[in-house]
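Trainee:
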Amino acid sequence: MTGTENMLASQADAEIMIEMSGVKKYFPLRGGFFGPTLKVRAVDGVSLTVNRGGIVGLVGESGSGKTTLARMILKLVKPTEGVIKIDGVDITKATAEQETKMRSEIAVVFQDPASNLNPRQTVESSISRPMIIHGVKKSDARAQAHDVMSMIKMDEHYLRSYPHQLSGGQLQRIAIARALVLKPKVIILDEPTSALDISVQAQVLNMLLDLQESMNLTYMIITHDLNVIRYFSDTVAVMYLGKLVEYGHTEEVTGNPRHPYTQGLMGASPILDPSLRGRTKKLLPGEPGSLINLPKGCRFFPRCDKADGRCEKREPDDVTVGPNHTVNCFLYDGRKAGD
Amino acid sequence: MLKLDRLSVEYRVRGGYLSAVKDVSLNIGEGEIFAVVGESGCGKSTIAHSIMRLLPDRNERVLGGIYFEGHDLNALNDRQMTGVRGKKIGMIFQNPLDSLNPVYRSGSQVAEAIFLDKKNRAEVWREVIEFYREMKMPDPAQSVRSFPHELSGGMRQRVMIAMMLARNPKLLIADEPTTALDVTIEAQILEIMSRLRADFNTSILLITHNFGIVAEIADRVAVMYAGEVAEQGSVFEIFQSPSHPYTELLMKALPHQSKREGRLRTIEGSVPRITSAAPGCRFCNRCPAASERCEKHAPPVKHLSSTHSYACHNR
């Protein structure tokens, strides 16, 4: 039994909202006239489960496959291999009817709210549009747009504004309102506060937490800001070049990281306390390699200071190192949970 | 090293001037890393650009003094200023791709900076490779021949630093140097910057919105709000005893704990528009302690120590 399966078994009693197993996404690249067709292995075998009402944080450097993973859940790209189940329904095999329902159950908030609101439409019509598409009567959609404004703590008169009249924080709240109107079960938050100032970031994060608690929403948050992850999410999934290298409770993964990559990532993240600046930091050398010519063994081994002969030859398995804590590394082979 | 004395930058509009930066005074010592932090639109980049005289030069006027090594930079003509840029004060920006020429090899762009000091070709090239090695570029002899598009974001920023370093300036102005980079690469660039200071005693003016970076490498900090310095002090004074209500609220708005330990503080309202020429404190509409006095009169600057000062009526 691999670590991931162990984890699945221990979580079976809680209600599973997102379930991914062996999910892969390869993008084909033409290798010239006679050359072989190359593949970009953006996501390469990710298994992950998120319980209802849970918040999972997805971290990793650019190119690690975080966004591709999220896009597959949203069904914006189709997985090459593997199964993604949302609330028990396999989205890759969903019927047209299930798919329409599914699309109302999964919502998304992107990084830059200004670029995904239509500049020529009022806030009201941007918010009502998803409802109208899903068959809600226009007058009801209007009424709901008014209701949702109180949920995002904005005055109703903003419904008549256009995007250019609003600040970044207000636009992001409108984007959240639009994600909420179809009463989704899952919301994907792709860098929701990266474009915002600190004071506004705090407002948006707090609002998202309040909504999550009152509506029992499931969040998947993608961000490069580990301080946000530490504050916001219940569990963390660390990705490196398309693979999940470590998964566990936020306190475990951020406080006691096991995978050498997670250790490097946590060490690199600036700490908001100048008195800790003298700490010994482990700096990761180099940069993540190319997704086309991946190393044969562990993907992290070229940058890893603990690599040995095994790492070069074959890929490590997931190892369970604690309750709900798995690491994809040879270092922890031979240890069992609770040791 | 660098002294700003009541620096104001104003833009001409119909019927008058609006100030983007107002009465900013600060001192950067030799070998010191001074961070200017603030939210977007607070004027931190405008300060950097006005020091280098890179503002568009049509509708703005710069008031107050900019003294570099005792000389008033405002008194220099454009040709003299060209001698200061690069040679005495180097600058790196957020997006290195905007500053690199896409059709020249990265190494020749660094070489160009060295050629300005008139050396022979072979010697220059050797020096470029040496700079690349110092910047920890992988395979320096090879990477000098790469074009900017072949390099990653972190590598490009290293080329920019190498280029800047080639002229060996006394002061480096870094405007959001790591904002576009991953945290692991950011940590590498920050390490290079601290080494610069240690090895060459370069002073660094760091413009950033990221308090994490400030906590990691800055010696002193100025917190800006709506064009004015709200508070300045050593990094410890700012983080451990913030005295301006804005700084204090910001510190509580930064996520540094788990949600189980309580929600983050928020700052209600938004930054006043540059066009609203209220006479009082710029922060009064969002300040929990604001009184009538705050609305009517500009706050006095109070000193807590030789380095720590803030502008507030109430404390």
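Going down the list, the sequences are from chains A and B. Residue 498 is where the first sequence starts when you use the working numbering, and the numbers rise one by one after that. Residue 12 is where the second sequence starts when you use the working numbering, and the numbers rise one by one after that. Cβ coordinates follow ideal geometry from the N, Cα and C atoms, glycine included.
1. Identify whether residue 172 of chain B lies in helix, strand or coil by the three-state DSSP scheme.
2. Is it true that the segment 121-128 of chain B meets the segment 171-180 of chain B, where meeting means three or more beta-carbon pairs spaced less than 8 angstroms apart?
3. Measuring CA to CA, which of A:817, A:714, A:784 is closest to residue 584 of chain A?
4. Just mark residue 67 of chain B as buried or exposed, buried being the case when its beta carbon has 16 or more other beta carbons within 10 Å.
5. Starting from residue 703 of chain A, find everything on chain B with Cβ-Cβ shorter than 7 angstroms and list it in chain order.
6. Please work out which residues of its chain come closer than 6 angstroms, Cβ to Cβ, to residue 4 of chain B, disregarding the five sequence neighbours upstream and downstream, and give them in chain order.
7. On the premise that residue 739 of chain A lies in contact with residue 541 of chain A, defined as a C-beta separation below 8 angstroms, what is that separation, rounded to the nearest angstrom?
8. What are the uninterrupted segments assigned as beta strand (DSSP E) that are 3 or more residues long and contained completely in the segment 267-301 of chain B, given in chain order?
9. Taking any Cβ of chain B, which residues in the segment 750-771 of chain A have a Cβ under 8 angstroms from it, in chain order?
10. Looking at the structure shown, is residue 14 of chain B part of a helix, part of a strand, or coil, going by DSSP?
11. How many Å lie between residue 14 of chain B and residue 187 of chain B at the Cα?
12. Quick one, are the C-beta atoms of residue 517 of chain A and residue 574 of chain A less than 9 angstroms apart?
13. Please name the residues in the segment 529-561 of chain A whose beta-carbon is closer than 8 angstroms to at least one beta-carbon of chain B, in chain order.
14. Excluding five sequence neighbours on each side, which residues of the same chain lie with their C-beta closer than 7 angstroms to the C-beta of residue 160 of chain B?
15. What separation, rounded to the nearest whole angstrom, lies between the Cα atoms of residue 554 of chain A and residue 24 of chain B?
16. Would residue 743 of chain A be called buried (16 or more neighbouring beta carbons within 10 Å of its own) or exposed?
17. Just to check my reading of the structure: residue 238 of chain B and residue 31 of chain B have Cβ atoms closer than 8 angstroms, yes? What is that Cβ distance to the nearest angstrom?
18. For a contact meaning CB atoms closer than 9 angstroms, what does residue 721 of chain A contact in chain B?
19. Under the rule that 16 or more other beta-carbon atoms within 10 Å means buried, what is residue 19 of chain B, buried or exposed?
20. Between residue 72 of chain B and the rest of its own chain, which residues show a CB-CB distance below 8 angstroms, the 5 nearest in sequence each way excluded?
21. Closer than 9 angstroms, Cβ to any Cβ of chain A: which residues of the segment 199-218 of chain B, in chain order?
22. Do residue 215 of chain B and residue 183 of chain B come within 9 angstroms of each other at the CB atom, strictly closer than that value?
23. Keeping to the same chain, check which residues put their C-beta closer than 7 angstroms to that of residue 126 of chain B; ignore five residues upstream and five downstream.
24. Am I right that residue 732 of chain A and residue 551 of chain A are in contact with their C-beta atoms under 8 angstroms? What's the rounded C-beta distance?
25. Can you find a C-beta in chain A that's less than 9 angstroms from the C-beta of residue 197 of chain B?
26. I'd like the list of long-range same chain contacts for residue 682 of chain A, defined as Cβ closer than 8 angstroms, with 5 residues on each side in sequence excluded.
27. Using the DSSP secondary-structure output, state which residues sit across from residue 546 of chain A in a beta bridge.
28. Are there 16 or more other CB atoms within 10 angstroms of the CB of residue 501 of chain A, so buried, or fewer, so exposed?
29. Using a Cβ cut-off of 9 angstroms (strictly closer), state whether residue 521 of chain A contacts chain B.
30. Going by beta carbon distance, what residues of the same chain come within less than 7 angstroms of residue 669 of chain A, once the five residues before and after it are set aside?
31. Just curious, the beta strand (DSSP E) that residue 701 of chain A is in, first and last residue?
32. Helix, strand or coil: which one does DSSP assign to residue 86 of chain B?
33. Below 8 angstroms, is the gap between the Cβ of residue 78 of chain B and the nearest heavy atom of the ligand NAP?
34. For residue 506 of chain A, which of helix, strand or coil comes out of DSSP?
35. Out of B:26, B:42, B:40, B:58, which one is the CA nearest neighbour of residue 33 of chain B?
Mentor: Here's the rundown:
1. In the second sequence, counting from the first residue as 1, residue 172 of chain B sits at position 161. Three-state DSSP puts residue 172 of chain B in a helix.
2. yes
3. Here residue 584 of chain A corresponds to residue number 87 of the first sequence, with the count starting at 1. When A:817, A:714, A:784 are compared, the shortest CA-CA separation from residue 584 of chain A is found for A:714.
4. If you number the second sequence from 1, residue 67 of chain B lands on position 56. Its Cβ having fewer than 16 others within 10 Å, residue 67 of chain B is exposed.
5. Counted from its first residue, the first sequence places residue 703 of chain A at position 206. The contacting residues are 274, 275, 277.
6. Only positions 12 to 326 of chain B appear in this structure, which leaves residue 4 of chain B out of reach.
7. Against the first sequence, residue 541 of chain A aligns to sequence position 44. Against the first sequence, residue 739 of chain A aligns to sequence position 242. The pair is a contact, with the Cβ atoms about 4 angstroms apart (cut-off 8 angstroms).
8. Runs of the beta strand (DSSP E) lying entirely within the segment 267-301 of chain B and spanning at least 3 residues: none are present.
9. 761, 762, 764, 765, 766, 767, 768, 769, 770, 771
10. Residue 14 of chain B sits at position 3 when you count from the first residue of the second sequence. Strand at residue 14 of chain B.
11. One-based indexing of the second sequence puts residue 14 of chain B at position 3. One-based indexing of the second sequence puts residue 187 of chain B at position 176. Cα-Cα distance, rounded: 21 angstroms.
12. Residue mapping note: residue 517 of chain A aligns to position 20 of the first sequence, counting from 1. Residue mapping note: residue 574 of chain A aligns to position 77 of the first sequence, counting from 1. No, Cβ-Cβ distance for residue 517 of chain A and residue 574 of chain A is not below 9 angstroms.
13. Per Cβ criterion, the list reads 558, 559.
14. Numbered from 1 along the second sequence, position 149 holds the residue referred to as residue 160 of chain B. 113.
15. Within the first sequence, numbered from 1, the residue matching residue 554 of chain A stands at position 57. Within the second sequence, numbered from 1, the residue matching residue 24 of chain B stands at position 13. Cα-Cα distance, rounded: 47 angstroms.
16. Numbered from 1 along the first sequence, position 246 holds the residue referred to as residue 743 of chain A. Here residue 743 of chain A is buried. Its C-beta has 16 or more other C-beta atoms within 10 Å.
17. To locate residue 238 of chain B, count along the second sequence from 1; it is residue 227. To locate residue 31 of chain B, count along the second sequence from 1; it is residue 20. The Cβ separation is near 6 angstroms, so the contact holds.
18. In the first sequence, counting from the first residue as 1, residue 721 of chain A sits at position 224. Near residue 721 of chain A (Cβ distances below 9 angstroms), the residues of chain B are 193, 194.
19. Residue mapping note: residue 19 of chain B aligns to position 8 of the second sequence, counting from 1. It is buried - the Cβ of residue 19 of chain B has at least 16 other Cβ atoms within 10 Å.
20. For the purposes of this step, residue 72 of chain B is taken as the residue at position 61 of the second sequence. Counting only Cβ-Cβ distances below 8 angstroms, and skipping sequence neighbours, we find 20, 21, 23, 28.
21. 199, 201, 202
22. Here the question's residue 183 of chain B lines up with position 172 in the second sequence. Here the question's residue 215 of chain B lines up with position 204 in the second sequence. Yes, the pair counts as a contact, with Cβ atoms nearer than the cut-off.
23. For the purposes of this step, residue 126 of chain B is identified with residue 115 of the second sequence, where counting begins at 1. Cβ neighbours of residue 126 of chain B within its own chain (closer than 7 angstroms, five residues either side excluded): 135.
24. Against the first sequence, residue 732 of chain A aligns to sequence position 235. Against the first sequence, residue 551 of chain A aligns to sequence position 54. Your pair residue 732 of chain A and residue 551 of chain A checks out as a contact, with CB atoms roughly 7 angstroms apart and the cut at 8 angstroms.
25. Residue 197 of chain B sits at position 186 when you count from the first residue of the second sequence. So yes, residue 197 of chain B belongs to the interface.
26. The residue you call residue 682 of chain A lines up with position 185 of the first sequence. Around residue 682 of chain A: 514, 549, 583, 584, 602, 603, 714, 715.
27. Here residue 546 of chain A refers to the residue found at position 49 of the first sequence. Residue pairing by DSSP places residue 546 of chain A opposite A:516 in a beta bridge.
28. Translated into positions along the first sequence, residue 501 of chain A becomes position 4. Caution is warranted here: a pLDDT of 48 is assigned to residue 501 of chain A, below 50, making its placement in the model unreliable, and the coordinate value is therefore given only provisionally. The residue is buried, with at least 16 neighbouring Cβ atoms inside 10 Å.
29. To locate residue 521 of chain A, count along the first sequence from 1; it is residue 24. Not closer than 9 angstroms to any Cβ of chain B, the Cβ of residue 521 of chain A fails to qualify, so no.
30. What you label residue 669 of chain A is simply residue 172 of the first sequence in a count that begins at 1. If we look at residue 669 of chain A and ignore the five residues flanking it on each side, its Cβ neighbours are 610, 689, 693, 701.
31. Within the first sequence, residue 701 of chain A is the residue found at index 204, counting from 1. Residue range 695-712 is occupied by the alpha helix (DSSP H) that includes residue 701 of chain A, with no beta strand (DSSP E) assigned at that position.
32. Along the second sequence, one-based indexing puts residue 86 of chain B at 75. Helix.
33. Although the ligand NAP was asked about, the structure shown includes no ligands whatsoever.
34. Here residue 506 of chain A refers to the residue found at position 9 when the first sequence is read from its first residue. Below a pLDDT of 50, predicted positions are generally treated as unreliable, and residue 506 of chain A, at 45, falls in that range; the measurement from the model is reported next regardless. Under the three-state reduction of DSSP, residue 506 of chain A is assigned to helix.
35. In the second sequence, counting from the first residue as 1, residue 33 of chain B sits at position 22. The shortest C-alpha separation from residue 33 of chain B is found at B:58.
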